[in-house]
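Residue numbers (this note's numbering), protein chains in the order written: chain L, 20 to 171; chain Z, 52 to 164.
All C-beta atoms, glycine included, are put in the ideal place defined by N, C-alpha and C.
I have placed the structure first, in the form of structure tokens, so that the comments after it can refer back to it.
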Amino acid sequence: MGVPPLIYRLKNDFQELSRLMDAVEQYSLIQRLDSRTTYALKLAVEEIITNTILYGYESDRAHEIEVRVTVEDDELILEITDDARPFNPLRVPAPAMAMAGGGESESMETPASLGLFLVREVMDDLEYRPQPHGNMLVMRKRLGRSPSMGRS
Amino acid sequence: MNLRVIEAAADYTHLALSGRLDIVGVGAIETQFTGYTASRHKPAFVDLSEVTFISSLAIRLFISVAKSLEANQARLILINPQPNIRETLRLSNIEEFIPIVTGKDEALSACKA
């Protein structure tokens, strides 16, 4: 029997994000993910949820975000579902890096763009699925190991 | 998240950060970090060897401080990040204006370059 997926529901509260990260780390250990893959997973979780909490809601009312992590067929799959306003992160342009122009220019078009750029860099595939009352982002990363590894 | 002042010399500042530079960690050190770096208008060396995670918010903080220092002809220099941190910094393409070095001596050389 395989390792069950990690399913974690958190409120739009950054303190809960720290607890989620502990759960992600534990899941990575169980799945025997390497350090680089674990880091990519944590970075994607951090950046997407931070963006959702900072920019996705128009009030301080409590909201729920669901995170699902699983390993299937030599692929790490991260799904994040929220009830935030519609937002397709795949449409955010890559940031114009830098202090180009003698430091006069702003380094990112939007506060979220560097984080989304990093997620696109560390994951192999991103798919946006609009939901009736929110968003789902599915991120995949190939593990490049035997399909039997990481399973009990 | 913790910020430690290793040396606040007359001509540079040497700090060490430790822990997770996620949104909570950045919030915990941002004011103090800016005070010891951008506000001093001197080259700032930041040891990252004990930082275990870095988010885009932390990178934006580094960029902001580097820009502020650049306006005062000073540089922000990062020292000895762990491999995953180094890779994230590389992906962010900041090394052109925020040097990443392996020790203080190299940092001193970089800030004169």
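Where does Z:Ile-110 fall in DSSP's three states? As a working note, residue 110 of chain Z is residue 59 in the second sequence. Here Z:Ile-110 sits in helix by DSSP.
Helix, strand or coil: which one does DSSP assign to L:Ile-99? One-based indexing of the first sequence puts residue 99 of chain L at position 80. In the three-state scheme derived from DSSP, where H, G and I count as helix and E and B as strand, L:Ile-99 is classed as strand.
Collapsed DSSP secondary structure at Z:Glu-146 in the structure displayed: Here residue 146 of chain Z refers to the residue found at position 95 of the second sequence. Secondary structure at Z:Glu-146: coil, using DSSP grouped into helix, strand and coil.
Outcome for L:Gln-50 when other beta-carbon atoms lying within 10 angstroms are tallied against a minimum of 16: Your numbering for residue 50 of chain L matches position 31 in the first sequence. With 16 or more other Cβ atoms within 10 Å, it is buried.
Hey, is L:Asn-70 close to the ligand ADP, as in C-beta under 6 angstroms from one of its heavy atoms? As presented, the structure is devoid of all ligands, the ligand ADP included, so that no description of it is given.
Between the beta-carbon of Z:Val-75 and the beta-carbon of L:Phe-136, is there less than 7 angstroms? Looking up residue 75 of chain Z in the second sequence gives position 24. Looking up residue 136 of chain L in the first sequence gives position 117. With contacts defined as CB atoms closer than 7 angstroms, Z:Val-75 and L:Phe-136 fail to qualify as a contacting pair.
Would you kindly work out how many angstroms separate the C-alpha atoms of L:Gly-121 and L:Val-22, rounded to a whole number? What you label residue 121 of chain L is simply residue 102 of the first sequence in a count that begins at 1. What you label residue 22 of chain L is simply residue 3 of the first sequence in a count that begins at 1. Here L:Gly-121 scores only 42 on pLDDT, less than 50, and its place in the model should not be relied on; the value that follows carries that caveat. Approximately 51 angstroms, taken between the alpha carbons.
L:Met-142, DSSP secondary structure in three states: Indexing the first sequence from 1 puts residue 142 of chain L at position 123. In the structure shown, L:Met-142 adopts coil according to DSSP, grouped into three states.
For chain Z, check one thing: does any of its Cβ atoms lie closer than 7 angstroms to the Cβ of L:Tyr-58? The residue labelled residue 58 of chain L in the question sits at position 39 within the first sequence. Using a Cβ-Cβ cut-off of 7 angstroms, L:Tyr-58 counts as an interface residue toward chain Z, since at least one Cβ of chain Z sits closer than that to its own.
Kindly indicate the opening and closing residues of the alpha helix (DSSP H) around Z:Ala-158. As a position in the second sequence, residue 158 of chain Z is number 107, starting the count at 1. According to the DSSP assignment, Z:Ala-158 belongs to the alpha helix (DSSP H) that extends over 155-163.
Mind listing which residues of the stretch 68-97 of chain L have their C-beta closer than 7 angstroms to chain Z's C-betas, in chain order? Those residues of the stretch 68-97 of chain L that come within reach of chain Z (Cβ to Cβ, closer than 7 angstroms) are Thr-69.
Contacting positions in the stretch 128-142 of chain Z - beta carbon closer than 9 angstroms to chain L: Residues of the stretch 128-142 of chain Z whose Cβ lies closer than 9 angstroms to any Cβ of chain L, in chain order: Pro-134, Asn-135, Ile-136, Glu-138, Thr-139 and Leu-142.
Is there a Cβ of chain L sitting closer than 7 angstroms to that of Z:Ile-80, yes or no? The residue you call residue 80 of chain Z lines up with position 29 of the second sequence. No, no contact with chain L.
Backbone CA spacing between Z:Val-152 and L:Ser-37 [nearest angstrom]: If you number the second sequence from 1, residue 152 of chain Z lands on position 101. If you number the first sequence from 1, residue 37 of chain L lands on position 18. Taking C-alpha positions only, Z:Val-152 is separated from L:Ser-37 by approximately 30 angstroms.
Candidates L:Leu-133, L:Leu-52 and L:Asp-92: which alpha carbon is nearest L:Leu-109's? Mapped onto the first sequence, residue 109 of chain L falls at position 90. Closest by alpha carbon: L:Leu-133.
Is there a Cβ of chain Z sitting closer than 7 angstroms to that of L:Phe-33, yes or no? Taking the first residue of the first sequence as 1, we reach residue 33 of chain L at position 14. Among the residues facing chain Z, L:Phe-33 is included, as its CB has a counterpart in that chain under 7 angstroms away.
Would you list the residues sitting across from L:Gly-153 in a DSSP beta bridge? Working through the first sequence from its first residue, we reach residue 153 of chain L at position 134. For L:Gly-153, which the question treats as bridged, DSSP gives the partners L:Gln-150.
At the 7 angstroms Cβ level, is Z:Ser-106 part of the contact set with chain L, yes or no? Against the second sequence, residue 106 of chain Z aligns to sequence position 55. Yes, its Cβ sits closer than 7 angstroms to a Cβ of chain L.
Between which two residues does the alpha helix (DSSP H) carrying L:Ala-63 extend? Here the question's residue 63 of chain L lines up with position 44 in the first sequence. For L:Ala-63, the enclosing alpha helix (DSSP H) starts and ends at 54-74.
Interface partners of L:Glu-140 on chain Z, CB under 8 angstroms: Position 121 of the first sequence, counted from the start, is the residue given in the question as residue 140 of chain L. By Cβ distance, chain Z contributes Leu-142.
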